[in-house]
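Have a look at the structure below before the remarks.
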Amino acid sequence: MFIVNVEGAIYRDEKWLLVRRSEKEEHEGGSLSLVGGKCEIEGNSRDILERTLRREIFEEVGIEVTVGCYVNSSSFVTASGVNVIDIVFLCQHKSGEPYAKSTEEVNDVIWLTTSEILADTDLPYYLKENVNLADKLLRKNQKVYEK
């Protein structure tokens, strides 16, 4: 059995929105990550990934986003042995100014450029990989829209 987690790669003004996870978080407490959370059991439903992502982003950092295209998926096992499927989407900032709204989950919000993220040796490889993939997708889509 898996927990399904979704994350948003939110880009604005040449920077990506990251959160410093609360030390209270079981998985990777205190580390930087994209914003997101796990899907809840809903029975039969539609667009659960997108709705969950919008809800989690609003609950954690108080902003509204438009969920765009799929970036990447991966799986991992937490330190306590929980299996997780993680799905990342490229998101467009819609409204609000992000802040650590849910202090149980988020200590701080930080905007960093792709270069800053990729150069930071303290950041986890999967965060760098997801941002790098999201950045490439963003650039590719921008070229399409400019034509």
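In short: position in the sequence shown from 1, add 318, done, that's the working numbering.
In this text, a Cβ means the ideal position worked out from N, Cα and C, and glycines have one as well.
All figures in this text were calculated on a predicted structure; none of them were measured in a lab.
Give the range of the beta strand (DSSP E) segment to which Ile530 is assigned.
This structure leaves residue 530 out entirely; the chain is present only between 319 and 465.
To the nearest angstrom, how far is the alpha carbon of His411 from that of Asp331?
10 Å
Could you tell me how far apart the beta carbons of Leu350 and Leu441 are, in whole angstroms, since I believe they sit closer than 8 Å?
6 Å
In three-state DSSP terms, what is Ile428?
strand
Check for me: the beta strand (DSSP E) holding Glu325 runs from which residue to which?
321-330
In the DSSP assignment, find the beta strand (DSSP E) that holds Asn362 and state where it starts and stops.
That residue, Asn362, is in no beta strand (DSSP E); it is neither H nor E in DSSP.
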